[in-house]
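Below: the structure, in structure tokens.
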Amino acid sequence: MNHDSTGRIVQGLRAWISTAAPGAKVPSNRALMAEYGASPVTVQKAMRTLASLGLIESRPGVGTFVRGVRATRPVDYGWQTAALGAPPSRGSSLSSTQRTVVPDAIGLHSGYPARELLPERLVRAAIARAGRTDAAMGRSPAAGLPELQAWFAAELAASAPVDVTPPSARDVLVLSGSQSGLSSIFRALVGPGQPLMIESPSYWGAILAAAQAGITLVPVPAGQHGPDPADVERAFEETGARAFYAQPSYANPSGAQWSRERGLEILQVVHRHGAFLIEDDWAHDLGIDSEPHPIAAQDDHGHVIYLRSLTKSVSPSLRVAALIARGPARERILADRAAESMYVSGLLQAAALDVVTQPSWRSHLKGFRRQLRDRRDLLLGSLREHAPLAQVDFAPPGGLNLWARLPEGTSPEQVARNCESRGVIIAPGTEWFPAEPSGPYVRLNYSGANPERFPEAAKIISEVLAEN
Numbered sequence: 000m001n002h003d004s005t006g007r008i009v010q011g012l013r014a015w016i017s018t019a020a021p022g023a024k025v026p027s028n029r030a031l032m033a034e035y036g037a038s039p040v041t042v043q044k045a046m047r048t049l050a051s052l053g054l055i056e057s058r059p060g061v062g063t064f065v066r067g068v069r070a071t072r073p074v075d076y077g078w079q080t081a082a083l084g085a086p087p088s089r090g091s092s093l094s095s096t097q098r099t100v101v102p103d104a105i106g107l108h109s110g111y112p113a114r115e116l117l118p119e120r121l122v123r124a125a126i127a128r129a130g131r132t133d134a135a136m137g138r139s140p141a142a143g144l145p146e147l148q149a150w151f152a153a154e155l156a157a158s159a160p161v162d163v164t165p166p167s168a169r170d171v172l173v174l175s176g177s178q179s180g181l182s183s184i185f186r187a188l189v190g191p192g193q194p195l196m197i198e199s200p201s202y203w204g205a206i207l208a209a210a211q212a213g214i215t216l217v218p219v220p221a222g223q224h225g226p227d228p229a230d231v232e233r234a235f236e237e238t239g240a241r242a243f244y245a246q247p248s249y250a251n252p253s254g255a256q257w258s259r260e261r262g263l264e265i266l267q268v269v270h271r272h273g274a275f276l277i278e279d280d281w282a283h284d285l286g287i288d289s290e291p292h293p294i295a296a297q298d299d300h301g302h303v304i305y306l307r308s309l310t311k312s313v314s315p316s317l318r319v320a321a322l323i324a325r326g327p328a329r330e331r332i333l334a335d336r337a338a339e340s341m342y343v344s345g346l347l348q349a350a351a352l353d354v355v356t357q358p359s360w361r362s363h364l365k366g367f368r369r370q371l372r373d374r375r376d377l378l379l380g381s382l383r384e385h386a387p388l389a390q391v392d393f394a395p396p397g398g399l400n401l402w403a404r405l406p407e408g409t410s411p412e413q414v415a416r417n418c419e420s421r422g423v424i425i426a427p428g429t430e431w432f433p434a435e436p437s438g439p440y441v442r443l444n445y446s447g448a449n450p451e452r453f454p455e456a457a458k459i460i461s462e463v464l465a466e467n
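For the sequence shown, counting from 1, position 442 maps to 441 in numbering that gives the first Met the number 0; every step adds exactly one.
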């Protein structure tokens, strides 16, 4: 191809366009070929170059024309202020964990593992295979693909004792991520204006979903080993609540885990009050020093509504999760899910099932957990050495985060802003409290990219805290 000819045509036409009126018709390819002695390929390349610069536009069957310049003018959206009314007290902006950061910043704020920790080859191969199946074109059942339902049911049943009837595949509802499941549970089982007990601190997404459903949150303080069963009993008695949302294994943000004994005690409290325990097992695959032991596996009376997500361990792009519920509660939740999203993409379900049933899935999880341990210990050690004012009370036995308490009187939001100005992105802990924060905290994710920069990040956090 003659690149000099292409350049001459582009240069010549740009000069012509500069004096032509918007909408003027550009000379035909035949005319340009004759004028410049160029081949059809060279002329077409020149025209593509001009189109990519936004100078011309092609109208099939009509010709090619000089593109008009759109006038820029300010747009007034002030009318929306009256139409929208006052914003909700929560959920009017993105969480600090959802922010996109500038290149070269050290990101300790995200809620997802770095790409190199995920089973990329498994995921890519699974998506390709799923694309060749009927799942790529058909509509999946509202409750999910039967094979994936069966897999989720078997996973929970594996933890059930012999005297407890395990869940069946029919008890499983496949979701497009556990966040949508929380919204449906809260709408279907709690309802606007009704109380919902929740650990404090707790997952900001659950707090947001409850606020959007118009639910009244009842905080129950939770520490390293979860909430005190006596506090749970008292909250049920005082509020008349009929549901308690919790993350018994590797709670977000603290990484706390309930013991088996505490889980059974709290399940007994829930039984006595004829209530539901909404168990969010978001980090089931993220155990480091311990294994998860779902409370739902101990219950066959329908008191526990169980959520499990694959998003953190498979891929953020395969937003597939499951909800396990029994009795009329399942039917109410299914009705809400069908009204909101009708069904989950069969293609995503087939790909997720392919990944978790591969022989190499278990070996991936073992390596994943080892890497999480190394990163957790590196960030924890970096904070203890370089930023002792950011106090982490215990090493979480699983999950993705450290929960660091700052000195009294410190503003987590101001610390986060000052850290960001120096290239370290952290998440202020305020949004993890359903009511007033019990202290100044920040959440630090140790599963992000570039763990070798954790010591650098800790030094910057220390400098910012020293200035406050």
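Where a beta carbon is used, it is the ideal one built from N, C-alpha and C, also for glycine.
Assigned exposure category for residue i - 16 Cβ within 10 Å defines buried
i, result
"residue 78", "exposed"
"residue 180", "buried"
"residue 373", "exposed"
"residue 449", "exposed"
"residue 336", "buried"
"residue 339", "exposed"
Residue-level contact to chain D via CB, residue i, 8 Å cutoff
i, result
"residue 387", "Among the chains in the structure shown there is no chain D, since it carries only a single protein chain."
Candidates the options, of which the one nearest residue i by Cα
i, options, result
"residue 291", "266, 300, 250, 164", "250"
"residue 64", "12, 106, 102, 75", "12"
"residue 5", "195, 60, 35, 61", "35"
"residue 306", "151, 82, 465", "151"
"residue 9", "338, 21, 41, 20", "41"
"residue 460", "279, 430, 405", "405"
"residue 138", "52, 286, 346", "346"
"residue 447", "15, 59, 107, 287", "107"
"residue 194", "113, 217, 248, 47", "217"
"residue 175", "114, 225, 321", "321"
"residue 369", "287, 439, 379", "287"
"residue 331", "170, 427, 316, 443", "170"
"residue 103", "455, 82, 267", "455"
"residue 317", "303, 15, 352, 414", "352"
"residue 411", "394, 443, 382", "443"
"residue 188", "408, 282, 324, 254", "324"
"residue 358", "46, 81, 125", "125"
"residue 60", "441, 27, 136", "27"
"residue 228", "204, 272, 191", "272"
"residue 31", "20, 21, 44", "44"
"residue 314", "260, 115, 408", "115"
Own chain residues within Cβ distance below 6 Å of residue i, not counting five before or after
i, result
"residue 300", "none"
"residue 458", "385"
"residue 312", "284"
"residue 118", "363"
"residue 279", "246, 306"
"residue 185", "208, 209, 212, 214"
"residue 381", "453, 454, 457"
"residue 24", "62, 64"
"residue 182", "208"
CB contact flag (residue i, residue j, <8 Å)
i, j, result
"residue 433", "residue 206", "yes"
"residue 431", "residue 200", "yes"
"residue 354", "residue 122", "yes"
"residue 242", "residue 277", "yes"
"residue 555", "residue 378", "Only positions 0 to 467 of the chain appear in this structure, which leaves residue 555 out of reach."
"residue 328", "residue 274", "no"
"residue 248", "residue 282", "yes"
Same chain, Cβ closer than 8 Å to residue i, five either side skipped, listed in chain order
i, result
"residue 348", "134, 139, 143, 144, 147, 173, 319"
"residue 18", "none"
Own chain residues within Cβ distance below 7 Å of residue i, not counting five before or after
i, result
"residue 7", "35"
"residue 326", "301"
"residue 158", "292, 293, 296"
"residue 112", "311, 399, 446"
"residue 289", "256, 396, 397"
"residue 468", "Absent from the structure is residue 468, since the part of the chain shown begins at 0 and ends at 467."
Let me know the alpha helix (DSSP H) ranges lying completely inside the stretch 108 to 150, each 4 residues or longer, listed in chain order.
119 to 129
Let me know the alpha helix (DSSP H) ranges lying completely inside the stretch 333 to 415, each 4 residues or longer, listed in chain order.
345 to 355, 359 to 385
What ranges does the beta strand (DSSP E) occupy inside the stretch 163 to 214, keeping only unbroken runs of at least 3 residues that lie completely in it?
171 to 174, 194 to 199
Can you give, in chain order, each stretch of the beta strand (DSSP E) that sits fully within the stretch 6 to 70 and has at least 3 residues?
55 to 58, 62 to 65
What are the complete beta strand (DSSP E) segments, minimum 3 residues, inside the stretch 430 to 459?
440 to 444
In chain order, which continuous runs of the beta strand (DSSP E) of length 3 or greater are located wholly inside the stretch 214 to 254?
215 to 222, 242 to 245
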